[in-house]
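To keep things clear, I will list the structure first and then write my remarks on it.
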Amino acid sequence: DVERDLEHVNDFANVLGGFEIPIDKYTIWAPDITPDPQEGIGKWTDAEAILEEALGMRRKLFGDDHPQVADALAPLTFVALHEKRFVKAEALARQWMTSCEKKSSNDWSTFSARLALGESLLGEEKYVEAEPLLLDGYDGMKDDPRVPSPAQTGRVDRKQEALLRIVSLYET
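If you use the working numbering, the sequence shown closes out at 173, no skipped numbers anywhere.
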């Protein structure tokens, strides 16, 4: 039952952050619950389990090619990157990028997915593969006003993060 599954996800979210998730049968929430990097690893493990559950629900309800699946892949990818599990992050980022490219190859989220894939490849020391993805990801986001600012998200600046990854690539 979809309603019961959504309430289950809500229960997990309340444990992590004490917030409500609007439940409707058409939109399955992809929780943006990646903890602050200063928080302990337990929070990241909890977040990953919840995110995987949300992804599974979306796949079950909508199929792999639905845009809501891409929305659920993004935070899972960032958790894997934060945990330096680059092989897992690569697999997730490839799925995320493929899904985004089906929707729109010029949307900022597509460039963010490319950047995440580049980050994972950089972590795996696959520099030749990482370079064009990092450059393209940054280039596609740098002047796009739709890219959420840190003030909007309460998170790091994705554009600044892209530049740091590019610098890191060239320093290796």
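Cβ coordinates follow ideal geometry from the N, Cα and C atoms, glycine included.
Problem - Exposure label - Arg147; buried when at least 16 CB within 10 Å - result: On the sequence shown, position 146 is the one that residue 147 refers to. Arg147 is exposed by the Cβ-count criterion.
Handout entry: Status (buried if at least 16 other CB within 10 Å, exposed otherwise) for Asp65
Key = Walking along the sequence shown from the start, residue 65 turns up at place 64. Exposed, by the Cβ-count rule.
Handout entry: Complete runs of the alpha helix (DSSP H) confined to the region 100–137 [at least 4 residues]
Key = Counting whole runs of 4 or more residues, the region 100–137 contains the alpha helix (DSSP H) stretches 109–124.
Handout entry: Own chain residues within Cβ distance below 6 Å of Tyr171, not counting five before or after
Key = Position 170 of the sequence shown, counted from the start, is the residue given in the question as residue 171. Same-chain partners within the cutoff: there are none.
Exercise for the section: To the nearest angstrom, report how far apart Lys104 and Ala71 are at their CA atoms. Expected result: As a first step, residue 104 is located in the sequence shown; it is residue number 103 there, counting from the start. As a first step, residue 71 is located in the sequence shown; it is residue number 70 there, counting from the start. The alpha-carbon atoms of Lys104 and Ala71 are separated by roughly 10 Å.
Exercise for the section: Quick one: give me the first and last residue of the alpha helix (DSSP H) that Ser169 is part of. Expected result: If you number the sequence shown from 1, residue 169 lands on position 168. Counting along the chain, Ser169 sits inside the alpha helix (DSSP H) bounded by residues 159–172.
Practice task
Count the other CB atoms, across all protein chains shown, that sit within 10 Å of the CB of Ala90; report buried if there are 16 or more and exposed otherwise.
Solution key: Along the sequence shown, read from residue 1 onward, the residue named residue 90 stands at position 89. Answer is buried; the Cβ neighbour count reaches 16.
Practice task
Go through its chain and collect everything with a Cβ distance to Leu74's Cβ below 6 Å, but skip five positions before and after it.
Solution key: One-based indexing of the sequence shown puts residue 74 at position 73. Around Leu74: Leu93, Gln96, Trp97.
Practice task
Could you tell me whether the Cβ atoms of Leu123 and Arg159 are closer together than 8 Å?
Solution key: If you number the sequence shown from 1, residue 123 lands on position 122. If you number the sequence shown from 1, residue 159 lands on position 158. 8 Å or more divides the Cβ of Leu123 from the Cβ of Arg159.
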